[in-house]
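Numbering (the working numbering), first residue to last: -5 to 141. A virtual CB, placed ideally from N, CA and C, is assigned to each residue, including glycine.
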Amino acid sequence: MLNRTLAPHTESTYAMLRIVVGLLFAFHGAQKLFGVFMPVELIPEVGSQVWIGGVIELVTGLAITAGIATTWAAFLASGTMAVAYIQFHWKLQLGAQLLPAVNQGEAALVYAFVFLFLACRGNGKWSLGSLRLGELDSTAYALSPRA
């Protein structure tokens, strides 16, 4: 019963997920690049790993939000978050440090898998990528994996 009630909203819910996660990711990039909304202003040196990560977060986050090249942007974002998790959170020692809740890597791990899902699913509804010649592409509303 609940599935019948929620199923008609699948595409809209997917679009909201894409938009919200993209905005959150872009916000993290803006924080890194411009030092905004941070307790201490720490703007990384241009070309540093943190700066490159910030650029990737800002650009891919905005692309995902707008639904432009979502597959490519989300794939790059997923890889970036997987690297961030492994490099900064995952400890190669036995014990509790392997757990994301302990090593504070939950956000990076969740982002990695959500972005992998978005990369597989594509632009979807309410995306600039679904606009073609001024008309909405009808495949943006289909339930197919490449919508």
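Assigned with DSSP and collapsed to three states, residue 125 falls in strand. Residue 71 is a Cβ neighbour of residue 109, given a cutoff of 8 Å.
At a Cβ-Cβ threshold of 8 Å, residue 19 and residue 65 do not count as neighbours. Judged by DSSP secondary structure, residue 40 falls outside any alpha helix (DSSP H); it is assigned neither H nor E. Around the beta-carbon of residue -3, fewer than 16 other beta-carbon atoms lie within 10 Å, marking it exposed. When the alpha-carbon of residue 39 is set against those of 13, 48, 78 and 83, the nearest one is in 48. Contact check for residue 63 against residue 102 fails: the beta carbons are separated by 8 Å or more. Put simply, of 83, 106 and 36 the residue whose alpha carbon is nearest the alpha carbon of residue 95 is 83.
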